[in-house]
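The structure under discussion appears below in the form of structure tokens.
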């Protein structure tokens, strides 16, 4: 099965295997110069069994990606560009730990662009979404998995997000690294 | 800073993103807004919030959002940026700064470039983190780049007071804060009288 980035198809549902930005924020909190403590740990995890379970559940997985450096936002942009489709995701469906959300809020980071280690993004034909989601959730590293969006038949290569208050926002590629801001 | 403080921050900010309240307000704005109006946000945090929440896409055509007068970093004089860079090039100096300044170009370089070339430049999240760097590196001179608006100036001043009380004598601040009212005056003065 070819699950490379150019294979996303219009109508595909996008499944994220768990909470985002845990790794990025954990690394930041261990750095000198950041004065808050938390019990967060990196999400580093082996996903080979999860992937095996997913393939057993469906023959219609079109793309698999690890949203590591650059986060979910960057990975989705790469897939949209390479597959020549548009992607729409929904902010209120994206799994995010409260501590991570709060740290991001305080430091001015966008969790969508922070690194993950033990997470995967999968693009699955609509009819197989429930089966693949169940397979991921059955794995110990996929309990928080959720469907976060879909692929739209539009060749722009762009990624959009419906925000929690119902607005629409363009999710662009991350340029350089995110820096904490004062203004 | 403990996690519970972070969670309180989150609770506070989440209240502003309540979808039901937002929906009601947007509907009210749509029915009330008759004549064209332009709203200008003051600083970058506002710009980012508007962008991240997709507020532009929710407002009627009568309302235009403008960015400016900018952030204290963007309006920092190039001479000051050059001075920051020269400081970073000194062997016995550790420069501490908020992250925003890293990418701002000076005449020939930027702090980010200098950092890549091995200068000791550390991004901190508060002035007290800068003070801690000074405490941990008594053989170095630790300089904080004091850029900010009126809201940031007191926290910079507090770190100087704290350094005095703790007798940390290798901590200094290069003072370069900006005032908001003069920028607003300029913006609100009709062009013919400017």
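Protein chains in written order, with our numbering: chain A, 620 to 802; chain B, 29 to 222.
Where a beta carbon is used, it is the ideal one built from N, C-alpha and C, also for glycine.
- DSSP links residue 779 (chain A) through a beta bridge to A:707 and A:789.
- Under the three-state reduction of DSSP output, residue 690 (chain A) falls in the helix class.
- In this structure residue 171 (chain B) touches residue 123 (chain B) by the C-beta definition: roughly 5 angstroms separates them, less than 8 angstroms.
- A residue is called buried once 16 or more other Cβ atoms fall within 10 Å of its Cβ, and residue 692 (chain A) is buried on that count.
- Boundaries for residue 765 (chain A): no alpha helix (DSSP H) harbours it, while the beta strand (DSSP E) harbouring it runs 765-771, taken from the DSSP string.
- Counting the other CB atoms within 10 Å of its CB gives residue 636 (chain A) a total of 16 or more, which places it among the buried residues.
- Bounds of the beta strand (DSSP E) holding residue 93 (chain B) are 91-95.
- Inter-segment contact for the segment 706-714 of chain A and the segment 760-775 of chain A is present: three or more beta-carbon pairs are separated by less than 8 angstroms.
- About 7 angstroms separates the beta carbons of residue 680 (chain A) and residue 620 (chain A), which is inside the 8 angstroms limit, making them a contact pair.
- Excluding its 5 nearest sequence neighbours in each direction, residue 106 (chain B) has C-beta neighbours in its own chain below 7 angstroms: 134 and 135, listed in chain order.
- Going by beta carbons, residue 103 (chain B) and residue 206 (chain B) fall inside the 7 angstroms limit.
- For residue 124 (chain B), the secondary structure class from DSSP, reduced to helix, strand or coil, is strand.
- Taking the Cα positions, residue 746 (chain A) is about 42 angstroms away from residue 93 (chain B).
- Residue 643 (chain A) is outside the set of residues whose beta carbon lies under 7 angstroms from a beta carbon in chain B.
- Judged by DSSP secondary structure, residue 160 (chain B) falls outside any beta strand (DSSP E) and instead within the alpha helix (DSSP H) spanning 155-164.
- By alpha-carbon distance to residue 668 (chain A), the top candidate from A:737, A:634 and A:730 is A:737.
- DSSP, read as helix, strand or coil, puts residue 63 (chain B) in coil.
- Under the three-state reduction of DSSP, residue 639 (chain A) is assigned to coil, being neither helix nor strand.
- At the C-beta level, residue 176 (chain B) and residue 151 (chain B) stay beyond 7 angstroms of one another.
- For residue 713 (chain A), there is no enclosing alpha helix (DSSP H), as DSSP marks it with neither H nor E.
- Annotated as distal: residue 629 (chain A) and residue 688 (chain A), with beta-carbon spacing of 7 angstroms or more.
- Separation of the CB atoms of residue 215 (chain B) and residue 100 (chain B) is rounded to 16 angstroms, and the pair is thereby denied contact status at 8 angstroms.
- Along the segment 50-62 of chain B, the positions whose C-beta sits under 7 angstroms from a C-beta of chain A are 50 and 51, read in chain order.
- Counting C-beta atoms within 10 angstroms of its own C-beta, residue 47 (chain B) has fewer than 16 neighbours from the protein chains shown and is therefore classed as exposed.
- Runs of beta strand (DSSP E) with 3 or more residues, each lying fully within the segment 163-205 of chain B, are found at 169-174 and 199-203, listed in chain order.
- In chain order, 92 and 94 place their CB closer than 7 angstroms to the CB of residue 66 (chain B), counting only its own chain and leaving out the 5 sequence neighbours on each side.
- For residue 798 (chain A), the chain B residues whose C-beta falls within less than 8 angstroms of its own C-beta are 127, 128, 130, 131 and 151, listed in chain order.
- In the DSSP assignment, residue 741 (chain A) falls within the beta strand (DSSP E) that extends over 740-743.
- A distance of 7 angstroms or more separates the beta carbons of residue 730 (chain A) and residue 740 (chain A).
- By the Cβ test, the segment 81-89 of chain B is in contact with the segment 47-61 of chain B, since at least three Cβ pairs between them sit closer than 8 angstroms.
- Residue-level contact by beta carbon fails for residue 209 (chain B) and chain A, as no gap is shorter than 7 angstroms.
- Chain B places no beta carbon closer than 7 angstroms to that of residue 769 (chain A), leaving this residue out of the contacts.
- Bounds of the beta strand (DSSP E) holding residue 683 (chain A) are 680-684.
- Residue-level contact check: residue 82 (chain B) touches chain A, since one or more beta carbons of chain A fall below 7 angstroms from its beta carbon.
- The residues 69 and 95, in chain order, have a CB closer than 8 angstroms to that of residue 75 (chain B) in the same chain once the five nearest residues on each side in sequence are set aside.
- By the criterion of a C-beta distance shorter than 6 angstroms, residue 148 (chain B) is surrounded in its chain by 122, once the five residues flanking it on both sides are discounted.
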